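The UniProt record's numbering applies: residue 1 is where the sequence shown begins, and numbers increase by one. Just so it is clear, CB atoms sit at the ideal spot from N, CA and C, and this is done for glycine as well. Note that this is a predicted model, so its numbers are computed, not measured. Step one of this worksheet: look at the structure below.
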Amino acid sequence: MPNFIALTSAGIEPLLATELESLGATDVHHKLQSVYFTATFEVAQSICLWSRLATRILRYVTEIKGSDKDDIYNGVLGFDWHPYFTKSRSFSVEFVGTDKSIRNTQFGALIVKDAIVDNLREESGKRPDIDKENPDIRIQARMFKGKCKIYVDFSGPSLHQRGFRTEQGAAPLKEHLAAAIIKRSGWDEKSPFVDMFSGSGTLLIEAAGMHMKRAPGLNKRSFPFVKHPEFSVFKYEALRDEVIAQEVPASTTFIGYEISKYVVDKAMLNVENAGLEDVITIAQQDASKAMVSKSLEPGWIVSNPPYGERLGESIVLLSLFKRLGLNLKQNYENWHVSLLSSQPMLIKLLRLQKSKEFKLKNGQIDTVLTNYVLTPQQCELSESAKNGKYYLSKDGQAFEGRLDKNLKRLTKWAKKEDVTCYRIYDADIPEYNVAVDYYDGKIVVYEYQAPKTVNAVLAETRLLDVLSILQQKFNLDENTFALKVRKSQKGKDQYEKEDSKFHRFTVNEFNAQFYVNIHDYLDTGLFLDHRSTRKEFASWCNDKTVLNLFCYTGSVSVHAALGGAKSVTSVDMSNTYLDWCEDNFRLNRIDTKSHFFQRADCLDWLTKCHDKFDLVFLDPPSFSNSKKMDRTWDVQRDHVEIIKLVKDRLNDGGELLFSNNLRNFKLDVAAIEELGFAIKDMTKQTLPEDFQRNSKIHQCWKLSLK
């Protein structure tokens with residue numbers, strides 16, 4: 001009997017092997033994304049009609065020992081291709097795998113194509129046509145471990161395409177994966193079937209097809225096996241009649257819910273195209289509120305809920321999963337539940353004990369299907385849980401309590417000072433090692449990289465508690481929330497761009513306004529810990545000429561100008577930040593004609609500048625090896641050098657405010673005094689109200705020329 005290979009997605013192979021055996025295949029064994037089997041020609045046709053889990057069936061024709069180009073050419077040339085071309089005029093070749101002599105698949109395909117053309121030309125004197133788009137027959141060569149196996153396509157375009165889908169959502173679930181999810185859920189194909197997140201209706205349609213014993217391949221217009229030499233139209237028509245006769249009417253309930261009316265309409269169109277409008281109902285409803293009739297006997301809930309690739313991208317889902325868990329416990333006792341997600345941590349918010357889980361691939365995304373049985377014990381709820389007040393880790397309540405305490409104190413202070421952006425939590429509790437910044441209703445969470453001694457799952461659970469509490473407290477969505485990880489940059493500039501979003505908005509700080517951006521960069525455009533430093537420096541600026549080095553987005557420059565400075569010169573290497581700086585000037589209605597914006601390496605600029613200034617603000621990065629610089633910068637190593645250069649740019653009696661954020665920084669007092677500066681430590685004086693618990697957030701000195 002002929003040998004075949006059935007292709008599928010990772011994680012589905014064992015299910016497909018079982019399915020093939022049930023359909024009459026023998027010698028079945030599976031490998032990664034493939035299952036090998038033996039079957040008669042008629043059984044293989046039946047598999048194409050019935051298989052829900054395969055994406056493609058290929059028929060083995062020959063094996064070539066050897067993997068160099070001559071071996072493959074001669075092996076293909078020596079096979080009798082004539083029977084396959086008695087009903088075919090055109091073909092195409094696919095090549096899978098590479099070797100030392102065949103380093104790309106296009107070259108491999110060309111060798112096979114040339115050998116087939118030469119074979120047929122010698123046999124019949126005619127050259128077949130090459131058609132890559134719609135050939136009569138597709139040939140695939142698969143090279144692995146010194147051998148090259150040649151197959152001909154038996155099933156055609158992917159079998160997951162059932163022929164009913166008109167439109168799909170942003171994250172479509174392929175039908176063969178939907179079938180695998182249903183199989184792994186343990187559904188008995190008899191009990192009621194509910195999908196809380198129906199999307200395009202794929203799970204519902206697939207489940208209904210299983211229940212009604214409707215072969216998924218019946219809608220296929222044609223299969224390539226009709227061009228194979230053994231094909232008999234009479235036998236195939238008899239097979240189709242036999243398959244059609246096996247269908248039974250629906251005898252259970254199929255219900256879907258979807259929050260979007262637009263998506264519901266598209267899903268119902270797919271249902272109608274599948275001829276199941278009398279079997280499946282889909283209603284517009286939030287999954288966390290969806291309820292079936294109490295008279296419906298318990299069945300299965302099988303769903304593919306939305307999930308972000310990172311927790312920071314799925315902040316809205318935190319509330320959804322909490323509410324979904326509450327809904328399941330209150331209204332679906334004794335039901336089975338199966339949920340697919342790429343974020344197992346989100347699933348934890350359901351607060352359900354899983355019974356089984358399976359790893360599957362949804363396209364390129366690694367996912368886990370988690371199964372639950374909603375026993376009466378599973379559905380027990382405390383009073384706090386009913387109100388959404390529950391935590392995943394034992395210290396979650398302590399975090400929320402500290403956050404509430406901080407907010408009560410800081411909200412009053414911020415209103416009095418006319419400050420709309422401030423830190424509301426700064427690793428106050430050791431177990432919750434994050435910083436939380438408030439930007440006029442928007443939230444930025446900085447997750448400090450956990451030490452290797454901390455269990456990664458525990459750290460992620462605590463972070464989920466933090467995000468869940470914040471989402472509920474501030475009603476956050478993807479536009480009002482950002483999650484960032486503070487870690488060693490390993491040589492990269494600390495202002496490296498993170499993504500391609502661009503959402504700027506304004507915040508207030510004392511008498512100034514600033515543009516901030518919580519999404520695009522690791523930092524937001526405004527260093528909150530320097531708020532008091534900016535205010536102090538601005539109080540010195542009236543009628544002075546001011547230089548702001550490493551100006552970033554110009555917040556100090558704006559405060560200086562608003563403080564009455566004659567002129568402010570802002571220097572930074574980044575055009576982006578200098579443009580941002582000018583935008584901040586315009587936002588505060590400051591005439592930019594009397595102020596200057598210089599793109600330059602600050603060290604290089606100081607050596608070439610001939611202007612003098614009354615005041616200089618110097619807050620350099622701790623370290624930088626930017627490609628825009630001719631050298632590296634280290635604040636501990638280089639601070640005396642740059643202060644010496646600054647001294648040459650100061651007028652008599654000039655002053656320098658020098659600060660930095662390097663925790664273990666040591667000011668070279670002797671060298672600074674030798675330059676002629678009087679030193680005054682301003683660290684405590686410039687520590688903002690919202691950073692009081694962390695006195696080492698920065699260090700600051702006022703250096704005055706004697």
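What residue does the beta strand (DSSP E) around Ile-429 start on, and which one ends it?
-> Note, Ile-429: premise wrong, no beta strand (DSSP E); not H, not E.
List the endpoints of the continuous alpha helix (DSSP H) containing His-211.
-> 202-211
What whole-angstrom Cβ distance do Val-571 and Asn-548 have, given they're in contact under 8 Å?
-> 7 Å
Keeping to the same chain, check which residues put their C-beta closer than 7 Å to that of Gln-246; ignore five residues upstream and five downstream.
-> Lys-213
Buried or exposed: Tyr-448, going by 16 or more other Cβ atoms within 10 Å of its Cβ?
-> exposed
Rounded to a whole number of angstroms, what is the C-alpha to C-alpha distance between Glu-496 and Arg-586?
-> The predicted position of Glu-496 is uncertain, since its pLDDT is 45 and thus under 50; a value taken from the coordinates is nonetheless stated next. So the two alpha carbons sit approximately 25 Å from each other.
Let me know if Met-1 comes out buried or exposed under the rule of 16 or more other beta-carbons within 10 Å of its beta-carbon.
-> exposed
Cut-off 8 Å between Cβ atoms - residues of its own chain near Glu-297, not counting five sequence neighbours on either side | Ser-191, Pro-192
With a Cβ-Cβ cutoff of 8 Å, do Leu-23 and Ser-46 count as a contact?
-> yes
Since Ser-92 and Lys-132 are thought to touch, with beta carbons under 8 Å apart, how far apart are those beta carbons, to the nearest angstrom?
-> 5 Å
On the three-pair Cβ rule with 8 Å, is the stretch 688-706 touching the stretch 525-538?
-> yes
Give the single residue among Ala-109, Tyr-60, Arg-103, Ala-459 whose Cα lies nearest to the Cα of Thr-73.
-> Correcting the residue type first, residue 73 is Tyr in the shown sequence and not Thr. Among Ala-109, Tyr-60, Arg-103, Ala-459, the Cα nearest to that of Tyr-73 is on Ala-109.
Note down, one range per segment and in chain order, each beta strand (DSSP E) of at least 3 residues found wholly within the stretch 655-696.
-> 677-681
What are the boundary residues of the alpha helix (DSSP H) that Met-268 is part of?
-> 261-273
Alpha carbon of Leu-346 to alpha carbon of Ala-459, nearest angstrom = 14 Å
Lys-644 (DSSP reduced to helix, strand or coil) = helix
Where in the stretch 347-397 do unbroken runs of the beta strand (DSSP E), each at least 3 residues long, occur, reported from the N-terminal end onward?
-> 354-362, 365-373
May I ask which residues mark the beginning and end of the beta strand (DSSP E) holding Ala-17?
-> Note, Ala-17: premise wrong, no beta strand (DSSP E); alpha helix (DSSP H) at 13-22.
Grab the span of the alpha helix (DSSP H) containing Cys-148 for me, first residue to last.
-> First-last for Cys-148: 147-153, but that is the beta strand (DSSP E), not the alpha helix (DSSP H).
For Ser-200, which of Asn-3, Ser-67, Val-263, Ile-642 has the nearest alpha-carbon?
-> Val-263
How about the stretch 278-295 and the stretch 241-256: do they share at least three Cβ pairs that are nearer than 8 Å?
-> yes
What are the boundary residues of the alpha helix (DSSP H) that includes Tyr-257?
-> Tyr-257 -> not in any alpha helix (DSSP H); beta strand (DSSP E) instead, spanning 254-258.
Taking buried to mean at least 16 other C-beta atoms within 10 Å of its own C-beta, is Ala-6 buried or exposed?
-> buried
Val-558 to Phe-514, Cα distance in whole Å?
-> 9 Å
Candidates Leu-662, Cys-602, Arg-663, Asp-681, of which the one nearest Ile-643 by Cα | Cys-602
Pairwise C-alpha distance: Ser-341 and Pro-620 | 44 Å
With a threshold of 16 other CB atoms inside 10 Å of the CB of Gly-11, please say whether the residue is buried or exposed.
-> buried
Does DSSP put Asp-70 in a helix, a strand or coil?
-> helix
Excluding the 5 residues preceding and the 5 following Thr-461 in the sequence, name in chain order all residues of the same chain whose CB lies nearer than 6 Å to its CB.
-> Leu-392, Ser-393
Assigned secondary structure, Leu-522 (DSSP; H/G/I helix, E/B strand, else coil) | coil
Between Tyr-432 and Val-466, which are expected to be in contact by the criterion C-beta below 8 Å, what is the C-beta distance as a whole number of angstroms?
-> 6 Å
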